[in-house]
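Trainee: Residue 4 is where the sequence shown starts when you use full-length UniProt numbering, and the numbers rise one by one after that.
Ideal placement from N, C-alpha and C gives every residue a C-beta, glycine not left out.
Computed from a predicted model, the values in this text were never measured in an experiment.
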Amino acid sequence: SPAIVWFRRDLRLGDHPALLEAADRAGSAVALYVLDDALRDRSGAPRLDFLYGCLRALDDQLGGRLLVVHGDPVDAVPRVARAFGAGSVHVSADAGPYGRRRDERVEQALGDVELVRTGSPYAVTPGRVTKDDGTPFKVFTPFSRAWARHGWRAPASTSKSTVEWVDPGDKSGGPRRVRVPTAPAHSATLPEPGERAALEHWSDFLEGPLRDYKRDRDKPGVDGTSRMSAYLRWGCVHPRTLLADLAGHSGDGPDTYRTELAWRDFYADVLWNQPRTARENFNERFDAIEHDSGPHADEHHRAWAEGRTGFPIVDAGMRQLLAEGWVHNRVRMIVASFYAKDLHLPWWRGARHFMQHLVDGDLASNQHGWQWTAGSGTDASPYFRVFNPTTQAEKFDPTGDYVRKYVPELRGIEGKKVHQPQDNPPNGYPTPIVDHAHERQVALDRYNKIKA
Ligand code: FAD
Numbered sequence: 004s005p006a007i008v009w010f011r012r013d014l015r016l017g018d019h020p021a022l023l024e025a026a027d028r029a030g031s032a033v034a035l036y037v038l039d040d041a042l043r044d045r046s047g048a049p050r051l052d053f054l055y056g057c058l059r060a061l062d063d064q065l066g067g068r069l070l071v072v073h074g075d076p077v078d079a080v081p082r083v084a085r086a087f088g089a090g091s092v093h094v095s096a097d098a099g100p101y102g103r104r105r106d107e108r109v110e111q112a113l114g115d116v117e118l119v120r121t122g123s124p125y126a127v128t129p130g131r132v133t134k135d136d137g138t139p140f141k142v143f144t145p146f147s148r149a150w151a152r153h154g155w156r157a158p159a160s161t162s163k164s165t166v167e168w169v170d171p172g173d174k175s176g177g178p179r180r181v182r183v184p185t186a187p188a189h190s191a192t193l194p195e196p197g198e199r200a201a202l203e204h205w206s207d208f209l210e211g212p213l214r215d216y217k218r219d220r221d222k223p224g225v226d227g228t229s230r231m232s233a234y235l236r237w238g239c240v241h242p243r244t245l246l247a248d249l250a251g252h253s254g255d256g257p258d259t260y261r262t263e264l265a266w267r268d269f270y271a272d273v274l275w276n277q278p279r280t281a282r283e284n285f286n287e288r289f290d291a292i293e294h295d296s297g298p299h300a301d302e303h304h305r306a307w308a309e310g311r312t313g314f315p316i317v318d319a320g321m322r323q324l325l326a327e328g329w330v331h332n333r334v335r336m337i338v339a340s341f342y343a344k345d346l347h348l349p350w351w352r353g354a355r356h357f358m359q360h361l362v363d364g365d366l367a368s369n370q371h372g373w374q375w376t377a378g379s380g381t382d383a384s385p386y387f388r389v390f391n392p393t394t395q396a397e398k399f400d401p402t403g404d405y406v407r408k409y410v411p412e413l414r415g416i417e418g419k420k421v422h423q424p425q426d427n428p429p430n431g432y433p434t435p436i437v438d439h440a441h442e443r444q445v446a447l448d449r450y451n452k453i454k455a
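1. So what's Trp237 in DSSP terms, helix, strand or just coil?
2. Please indicate yes or no: does the CB of Ala339 lie closer than 7 Å to some heavy atom of ligand 1?
3. Using 10 angstroms around the beta-carbon of Ser175, count the other beta-carbons present and answer buried if the total reaches 16, otherwise exposed.
4. Cβ-heavy atom distance between Trp150 and ligand 1 below 7 Å?
5. Check this for me: beta carbons of Gly238 and Asp62, under 8 Å apart or not?
6. Which residue marks the beginning of the alpha helix (DSSP H) containing Ile7, and which one marks its end?
7. Going by the DSSP bridge assignment, what does Tyr36 pair with across the sheet?
8. Helix, strand or coil: which one does DSSP assign to His93?
9. Could you tell me the boundaries of the alpha helix (DSSP H) in which residue 490 lies?
10. Which residues in the same chain as Gly177 place their Cβ atom closer than 6 Å to its Cβ, once the five residues preceding and following it in sequence are excluded?
11. Give the single residue among Gly254, Tyr432, Tyr234 whose Cα lies nearest to the Cα of Ile316.
12. Leu70 and Ala34: beta carbons closer than 8 Å?
13. I'd like the list of long-range same chain contacts for Asp170, defined as Cβ closer than 6 Å, with 5 residues on each side in sequence excluded.
14. Closer than 6 Å by C-beta to residue 512: which residues in its own chain qualify, once you throw out the five before and the five after it? Chain order, please.
15. Out of Ala151, Gly137, Pro385, state which residue places its alpha-carbon closest to the alpha-carbon of Ala446.
16. Can you tell me whether Pro99 is buried or exposed? The criterion is at least 16 other CB atoms within 10 Å of its CB, across all chains shown.
17. Excluding the five sequence neighbours on either side, which residues of its own chain have a C-beta within less than 8 Å of the C-beta of Ala149, listed in chain order?
18. Rounded to a whole number of angstroms, what is the C-alpha to C-alpha distance between Leu23 and Asp219?
19. DSSP three-state label for Ser190, please.
20. Give a yes or no on whether the C-beta atoms belonging to Ala319 and Val406 are separated by under 8 Å.
21. Does the separation of the CB atoms of Gly30 and Ala191 fall below 8 Å?
22. Expressed to the nearest angstrom, what Euclidean distance is found between the alpha-carbon atoms of Ala151 and Glu309?
23. If you drop the 5 nearest sequence neighbours on each side, which residues of the same chain put their C-beta closer than 6 Å to that of Ala79?
24. Any heavy atom of ligand 1 closer than 7 Å to the Cβ of Met321?
25. Where does Asp255 land, buried or exposed, given buried means 16+ other C-beta within 10 angstroms?
26. Who are Arg199's beta bridge partners in DSSP?
27. Considering just the uninterrupted stretch of the beta strand (DSSP E) at Glu117, what are its terminal residues?
28. Three Cβ pairs or more, each shorter than 8 Å: is that satisfied between the stretch 272-283 and the stretch 412-424?
29. For Thr381, verify whether its CB is less than 7 Å away from any heavy atom of ligand 1.
30. Starting from Glu417 and walking both ways along the alpha helix (DSSP H), at which residues does that stretch end?
31. In terms of residues, what are the limits of the alpha helix (DSSP H) holding Thr228?
32. Go ahead and label Ser296 buried or exposed: buried means 16 or more other beta carbons lie within 10 angstroms of its beta carbon, across all protein chains shown.
Given below as structure tokens:
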């Protein structure tokens with residue numbers, strides 16, 4: 004009897020440990036994807052568009068043999084397994100709170116058919132890197148050292164022909180087969196989806212920006228980062244593949260890049276150990292911090308989300324989010340800090356907006372990236388460090404190119420003067436919605452009240 008390979012955040016055929024396990028247990032397999040409304044409802048149109056593109060690419064790789072069904076996986080997966088008489092269902096383990104609960108329920112509903120979890124979307128499966136006493140790390144640097152010591156396996160050499168793929172078209176029973184849907188309309192320009200695009204994109208990065216990655220990664224006006232996040236989010240490539248390729252390159256680029264992948268593993272580990280941090284402060288002391296609310300807070304939220312705060316770097320970042328479903332890491336920090344410390348709005352509200360618009364939107368990296376910035380997370384930047392959006396912009400976008408690219412109203416202002424348009428505001432560009440020096444003091448006063 005065939006195995007079922009149930010794809011989720013692993014939309015590829017290469018370096019796929021669960022696929023290897025399925026091949027070892029059964030010579031043939033059904034490739035399954037379940038369109039789950041619970042996940043769809045949390046995603047904005049650009050992320051859905053990218054996901055559907057990845058599914059189409061996977062289906063092409065499989066010669067049209069991807070079985071796509073629509074429904075609650077707790078119901079759909081056992082029905083597919085029964086329809087094909089499958090002996091086992093193979094997945095890459097999910098580390099997020101929803102995915103873990105879902106998989107436990109699917110496992111129960113499967114009864115005699117085993118749910119086999121092999122590997123995860125991370126270099127090291129969350130929960131494996133611990134302190135000597137077995138407890139989880141709460142700070143990044145010691146985690147990353149232990150993570151590097153723990154190490155990871157070499158990529159699994161899987162491909163389309165690792166198993167014989169069952170043609171699902173001629174099988175009745177089970178849930179109805181559907182086409183990959185079309186995403187709602189949106190105006191963002193997205194990367195090309197799928198495994199082949201991911202590997203091509205990665206290879207261009209290896210041969211190009213990797214060399215100067217350490218120097219350039221913090222400059223939003225330079226194309227100095229890999230932009231692999233959406234591919235990693237959907238598992239078009241496994242991070243172990245990236246780590247193995249990095250080992251073949253010299254210089255400080257690969258070391259710096261490995262550290263970024265360690266952050267990704269770290270946040271997944273934190274979320275795995277403390278699922279509540281998807282919604283709540285990692286540092287509970289911050290539960291008492293005062294946030295702004297009411298109509299004026301809502302208006303500030305809207306101005307931020309639409310990129311019309313009158314702070315050019317903030318507006319550029321928020322418009323990049325809408326235009327590309329991606330924002331440079333330095334700018335994510337600047338706009339999140341502005342949200343939490345200049346507008347005094349709760350981080351989870353800003354995080355929700357990010358999750359809706361980011362193609363790479365990932366609960367672990369997003370919620371903890373936000374908490375780091377707001378001060379309530381692991382390794383939090385000290386509460387008294389409030390980013391000044393103007394000096395941040397002058398330091399990291401010294402030419403002003405990044406701002407001019409995303410804020411057309413400011414294109415007439417040359418050089419870094421573009422970061423201080425209030426001296427000579429062009430038509431149509433808003434004046435600053437808050438006074439940074441004042442709001443900084445308000446933030447400090449509120450933090451002082453909750454300080455232990
Ligand atoms: P590169 O610089 O090329 O980094 C390589 C890879 O390392 C990334 O693709 C990513 O997988 C990982 N990585 C790098 N930095 C981080 C980090 N700080 N935390 C975790 N992983 C990291 N990343 C997401 O993937 N999804 C999110 O939803 C997300 N939300 C964020 C929200 C905030 C407020 C902040 C400050 C950061 C967030 N990040 C998120 C982390 C980071 O900004 C992005 O991973 C990065 O900008 C992606 O671009 P890149 O692939 O070119 O990065």
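Mentor: So, from the listed chains and residues:
1. For the purposes of this step, residue 237 is identified with residue 234 of the sequence shown, where counting begins at 1. Trp237 falls in the coil class under three-state DSSP.
2. The residue labelled residue 339 in the question sits at position 336 within the sequence shown. Checking the Cβ of Ala339 against ligand 1 gives yes.
3. Your numbering for residue 175 matches position 172 in the sequence shown. Burial call: exposed.
4. In the sequence shown, residue 150 corresponds to position 147, counting from 1. Incorrect: Trp150 has no Cβ contact closer than 7 Å to ligand 1.
5. Here residue 238 is taken as the residue at index 235 of the sequence shown, counted from 1. Here residue 62 is taken as the residue at index 59 of the sequence shown, counted from 1. No, the pair does not count as a contact, with Cβ atoms beyond the cut-off.
6. In the sequence shown, counting from the first residue as 1, residue 7 sits at position 4. No alpha helix (DSSP H) contains Ile7, which is instead part of the beta strand (DSSP E) from 6-9.
7. Here residue 36 refers to the residue found at position 33 when the sequence shown is read from its first residue. Val71.
8. Residue mapping note: residue 93 aligns to position 90 of the sequence shown, counting from 1. In this structure, His93 counts as strand in the three-state DSSP scheme.
9. The requested residue 490 does not occur in the structure, where the chain is confined to residues 4 to 455.
10. For the purposes of this step, residue 177 is identified with residue 174 of the sequence shown, where counting begins at 1. The residues are Arg82, Val83, Ala86.
11. Residue 316 sits at position 313 when you count from the first residue of the sequence shown. For Ile316, the nearest C-alpha among the options comes from Tyr432.
12. Looking up residue 70 in the sequence shown gives position 67. Looking up residue 34 in the sequence shown gives position 31. Cβ atoms of Leu70 and Ala34: closer than 8 Å.
13. For the purposes of this step, residue 170 is taken as the residue at position 167 of the sequence shown. Excluding residues within five positions, the ones whose Cβ falls inside 6 Å are Arg68.
14. With the chain covering only 4 through 455, there is no way to say anything about residue 512.
15. Here residue 446 refers to the residue found at position 443 of the sequence shown. With distances taken between Cα atoms, Ala446 lies closest to Pro385.
16. Translated into the one-based positions of the sequence shown, residue 99 becomes position 96. In the sequence under discussion, the amino acid at residue 99 is Gly, which differs from the Pro named in the question. That one is buried.
17. Position 146 of the sequence shown, counted from the start, is the residue given in the question as residue 149. Correct list, in chain order: Val132, Thr133, Lys134, Phe140.
18. Here residue 23 refers to the residue found at position 20 when the sequence shown is read from its first residue. Here residue 219 refers to the residue found at position 216 when the sequence shown is read from its first residue. Looking at the two C-alpha atoms, the distance is approximately 38 Å.
19. As a first step, residue 190 is located in the sequence shown; it is residue number 187 there, counting from the start. The answer is coil: DSSP assigns Ser190 none of H, G, I, E or B.
20. As a working mapping, residue 319 is identified with position 316 in the sequence shown. As a working mapping, residue 406 is identified with position 403 in the sequence shown. Yes, these two residues count as a Cβ contact at 8 Å.
21. Position 27 of the sequence shown, counted from the start, is the residue given in the question as residue 30. Position 188 of the sequence shown, counted from the start, is the residue given in the question as residue 191. The answer is no: Cβ separation not under 8 Å.
22. Looking up residue 151 in the sequence shown gives position 148. Looking up residue 309 in the sequence shown gives position 306. Rounded to whole angstroms, Ala151 to Glu309 spans 40 Å at the Cα level.
23. The sequence position of residue 79 within the sequence shown is 76, counting from 1. Excluding residues within five positions, the ones whose Cβ falls inside 6 Å are Val37, Val72, Pro178.
24. On the sequence shown, position 318 is the one that residue 321 refers to. For ligand 1, not one heavy atom lies less than 7 Å from the Cβ of Met321.
25. Numbered from 1 along the sequence shown, position 252 holds the residue referred to as residue 255. By the 10 Å Cβ count, Asp255 comes out exposed.
26. Along the sequence shown, one-based indexing puts residue 199 at 196. For Arg199, which the question treats as bridged, DSSP gives no partner whatsoever.
27. Locating residue 117 in the sequence shown gives position 114, counting from the first residue. 117-120 is the span of the beta strand (DSSP E), which, as asked, contains Glu117.
28. no
29. As a working mapping, residue 381 is identified with position 378 in the sequence shown. Checking the Cβ of Thr381 against ligand 1 gives no.
30. By one-based count along the sequence shown, residue 417 stands at place 414. First-last for Glu417: undefined, no H or E at that position.
31. Position 225 of the sequence shown, counting from 1, holds the residue named residue 228. It is not in any alpha helix (DSSP H) - Thr228 carries neither H nor E in the DSSP assignment.
32. Numbered from its first residue, the sequence shown carries residue 296 at position 293. When all chains shown are included, Ser296 counts as exposed.
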